[in-house]
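Below is one structure, written out as structure tokens; comments come after it.
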Amino acid sequence: MSFNGSSCKGATNNCKFDLNAIQCVDKSVVYIYECVSSVAVYRFDLFAGEYKHKEIEGSVVIVGHEQQPIYSLLFMNSSNKFHRSEAITERMLISVQSPFLMYKNECNEIFCIWFRNEYECKRIAYRLKSLISMFTRNDKFVRNYEYKVRQFEKTANYGQSYPKRYRSKQFYGNRNLLNQNDQTY
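Under this note's numbering, the first residue of the sequence shown is numbered 1008, with each subsequent residue one higher.
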């Protein structure tokens, strides 16, 4: 993990990560949204009913990818070379109790991120919630669009939106709509 004195592309506040350094860990990263330099990660053990240290201490970075998953949390471990990436999806649940941010991922694992600064905790939580809400807004738009397409296909295809009497042979007769002598260009 290396730091650069200049701010990285797209990062807000005082992020000192270089995009090239993050791309050494994950080559598909194209954008950095937020970063915090000092966090610790804990995992909730369901059998013991308590949080256990995950051996990840260092920085957390919210990054954008050029492929799926589009957004992810990247934990840059300062104690060893093991880095963790967590996909940000619409199924991710977030709870904030400053200076702790708890989240539940798609695999129903519960993690807790401890921040040194409460402001950084709230800032990361706000960014995560906005990204997750963006997924749900897009899903509602897609579902609404798909519903409208299905409704259109039900009513507008093949003259089905017209009353049955207009689609019957009695209305059209037994003649073809286009005679062989008719030429259409």
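Don't be surprised by glycine CBs; every beta carbon is placed ideally from N, CA and C.
For S1035 against H1090, the beta-carbon gap comes to about 14 Å, at or over 8 Å, which does not count as contact.
Contact between the stretch 1062 to 1069 and the stretch 1025 to 1045 is present: 3 or more CB-CB pairs across the two stretches fall below 8 Å. Annotation for I1029: the continuous alpha helix (DSSP H) segment containing it runs L1026 to V1032. In the DSSP assignment, F1107 is bridged to Q1104 and W1121. In the three-state reduction of the DSSP assignment, K1061 falls in the strand class, which pools E and B.
Sequence-distant Cβ neighbours of Q1030 in its own chain, meaning closer than 8 Å and more than five residues away, are V1036. Between K1059 and V1048, the beta carbon gap of about 10 Å keeps them out of contact (Cβ cut-off 8 Å).
For C1114, the three-state secondary structure derived from DSSP is coil. The DSSP assignment places 1078 to 1084 and 1091 to 1094 as complete runs of the beta strand (DSSP E) inside the stretch 1066 to 1099, in order along the chain (cut-off: 3 residues).
Looking at the DSSP output, I1039 bridges to V1070. By the 16-neighbour rule on beta-carbons within 10 angstroms, D1025 is buried. Take N1087, set aside five residues on each side of it, and no residue of its chain has a beta-carbon closer than 6 Å to its own.
Cβ-Cβ separation between C1128 and L1100: approximately 16 Å, too far for a contact (criterion under 8 Å). Under the DSSP definition of a beta bridge, A1047 partners with E1064 and W1121. By the neighbour-count criterion, in which a residue is buried when 16 or more other Cβ atoms sit within 10 angstroms of its Cβ, F1118 is buried. Put simply, the backbone Cα of R1130 is about 31 Å away from that of A1055.
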